[in-house]
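S.K.: Numbering of the sequence shown is given in our numbering, commencing with residue 1 and proceeding in unit increments.
Okay, handing you the structure first.
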Amino acid sequence: MYLDNFSEEEISKMQDWLKCNKAPPTKVFDMLNKTFCTRSLYLKSNPPFDEIISNWPRIFDIDGAIQNDFALAHAIGSDNLCLEWSTIAVRIMEYAKSMKKDLRSLGVSEAAASGKHEMGSGQTHPKKTDPKKNGPITTIT
Numbered sequence: 001m002y003l004d005n006f007s008e009e010e011i012s013k014m015q016d017w018l019k020c021n022k023a024p025p026t027k028v029f030d031m032l033n034k035t036f037c038t039r040s041l042y043l044k045s046n047p048p049f050d051e052i053i054s055n056w057p058r059i060f061d062i063d064g065a066i067q068n069d070f071a072l073a074h075a076i077g078s079d080n081l082c083l084e085w086s087t088i089a090v091r092i093m094e095y096a097k098s099m100k101k102d103l104r105s106l107g108v109s110e111a112a113a114s115g116k117h118e119m120g121s122g123q124t125h126p127k128k129t130d131p132k133k134n135g136p137i138t139t140i141t
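In structure tokens, the structure reads:
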């Protein structure tokens, strides 16, 4: 299995540093790389999502952090994460809904979660209400 080459105390110090710092990016990614194996084992234990955010906040608020972990875990397939993101994102959202998580607490709007923000030809937008007239807004598509 994965093993970081650091003591538990060293890993704990790196994790604490990551909780308190968002920069410089090179140091953030260095710490994320050094703690990858510990984080992977932790994530495989299926902890509650809010606990993941609390323990590893940089994974969610540093651009490229999730891709970096994916690349470390799946070196050959990491480019596919970007190429297939629209499909993968939908699956992640479906999983999150099945876990009965409140997506708004994760900063995801209801429209984004339902995919209503991406309308193709021939599709209509959901009815919106005009607060000034208390009636539906007519949308031509």
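Here a beta-carbon is modelled for each residue, glycine too, at the ideal position from N, C-alpha and C.
Predicted, not measured: the structure shown is a model, and the values here were computed from it.
Count the other CB atoms, across all protein chains shown, that sit within 10 Å of the CB of residue 35; report buried if there are 16 or more and exposed otherwise.
M.R.: Under this definition residue 35 is a buried residue.
S.K.: Please classify residue 91 as buried or exposed, where buried requires at least 16 other C-beta atoms within 10 Å of its C-beta.
M.R.: Under this definition residue 91 is an exposed residue.
S.K.: For a test of the three-state rule: what should DSSP assign to residue 63, helix, strand or coil?
M.R.: Coil.
S.K.: Could you please give the first and the last residue of the uninterrupted alpha helix (DSSP H) stretch that includes residue 84?
M.R.: Neither: residue 84 is in no alpha helix (DSSP H) and is coded neither H nor E.
S.K.: Starting from residue 29, follow the alpha helix (DSSP H) in both directions and report where the run begins and ends.
M.R.: Start and end: 25-34.
S.K.: Work out the CA separation of residue 73 and residue 13 for me, nearest whole Å.
M.R.: Taking the straight line joining both Cα atoms gives about 23 Å.
S.K.: Measuring CA to CA, which of 88, 93, 55 is closest to residue 18?
M.R.: Out of 88, 93, 55, 55 has the C-alpha closest to the C-alpha of residue 18.
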